[in-house]
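So the numbering used here is basically just the index in the sequence shown, starting at one, shifted up by 98. As structure tokens, the structure follows; a few thoughts come after it.
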Amino acid sequence: AHGFVSRLPEGYEFRVGPAGGRLSGGERQRISLARAFLKDAPILLLDEATSALDSESERLVQDALTRLMKGRTTLVIAHRLSTVREADLIVVMEAGRVVETGRHEALIAQGGAYARLHRMQLSDDPAEPATVP
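What follows is the structure in structure tokens.
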């Protein structure tokens with residue numbers, strides 16, 4: 099977050115306004131993630147942590163999140179599957195019900211709901227690596 103904060107008109111003294119109204123969605127997300135790094139909590143809850151970021155920023159944030167999640171219990175709520183690709187356990191829900199659980203590779207191999215979502219995202223996002231077995 100330091101890079102974009104230092105580019106704000108007043109840097110770290112920039113007044114973000116009510117509910118961060120003077121920041122973009124992506125900037126608000128980066129500030130929230132920076133706060134999570136500083137807090138160093140043992141449990142981390144990420145709800146659509148990269149949803150407002152462009153593909154390049156998402157890759158940078160995802161790298162930072164990987165470091166942040168080490169040694170922590172982390173619950174990730176995500177529609178972008180790149181966010182959960184390295185998770186120990188992925189729980190796939192449809193219509194409020196658990197339909198699949200497993201690691202990324204196993205869920206791809208099963209060819210179910212997760213694999214379908216993964217294929218859809220690959221066709222929508224050229225930045226996502228095309229490594230579907």
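Each residue gets a CB set at the ideal place from its N, CA and C atoms; glycine is no exception.
- prompt: Within 10 angstroms of its Cβ, does T199 collect 16 or more other Cβ (buried), or is it exposed?
  reply: Looking up residue 199 in the sequence shown gives position 101. Exposed, by the Cβ-count rule.
message: Looking only at its chain, what residues have a beta carbon closer than 6 Å to the beta carbon of T173, apart from the 5 residues adjacent to it on each side?
response: If you number the sequence shown from 1, residue 173 lands on position 75. It is worth fixing the name first, because residue 173 is Leu in this sequence and not Thr. Answer for L173: L143, listed in chain order.
task: May I have a chain-ordered list of the beta strand (DSSP E) segments no shorter than 3 residues that lie completely inside the segment 135-201?
output: 141-145, 171-175, 188-192 and 195-200
- request: With hydrogens ignored, establish whether the beta-carbon of E184 is closer than 6 Å to any heavy atom of the ligand NAD.
  value: Absence of the ligand NAD from the depicted structure is noted, as is the absence of any ligand whatsoever, leaving it without description.
Neighbourhood of D145 by C-beta, 7 Å cutoff - its chain only, sequence neighbours within 5 removed: Stepping through the sequence shown from its first residue, residue 145 is reached at position 47. Result list for D145: I175, in chain order.
- prompt: Taking the alpha helix (DSSP H) that L114 falls in, what are its first and last residues?
  reply: Position 16 of the sequence shown, counted from the first residue, corresponds to residue 114. Going by the sequence as given, residue 114 is Val instead of Leu. Per DSSP, V114 belongs to no alpha helix (DSSP H) and is neither H nor E.
field: I188 versus V182: straight-line alpha-carbon distance, rounded
entry: Locating residue 188 in the sequence shown gives position 90, counting from the first residue. Locating residue 182 in the sequence shown gives position 84, counting from the first residue. For I188 and V182, the distance between alpha carbons rounds to 7 Å.
query: Which word fits A134, buried or exposed, when buried means at least 16 other C-beta atoms lie within 10 angstroms of its C-beta?
result: As a first step, residue 134 must be located in the sequence shown, where it is residue number 36. Answer is buried; the Cβ neighbour count reaches 16.
query: According to the Cβ coordinates, are Y212 and L220 closer than 7 Å?
result: Stepping through the sequence shown from its first residue, residue 212 is reached at position 114. Stepping through the sequence shown from its first residue, residue 220 is reached at position 122. Against a cut-off of 7 Å, the Cβ pair of L220 and Y212 comes out as no contact.
query: Would you report the Cα separation of T229 and R126, rounded to the nearest angstrom?
result: Position 131 of the sequence shown holds residue 229. Position 28 of the sequence shown holds residue 126. Low per-residue confidence applies at T229: pLDDT is 42, beneath 50, and the placement is therefore not dependable enough to give any value.
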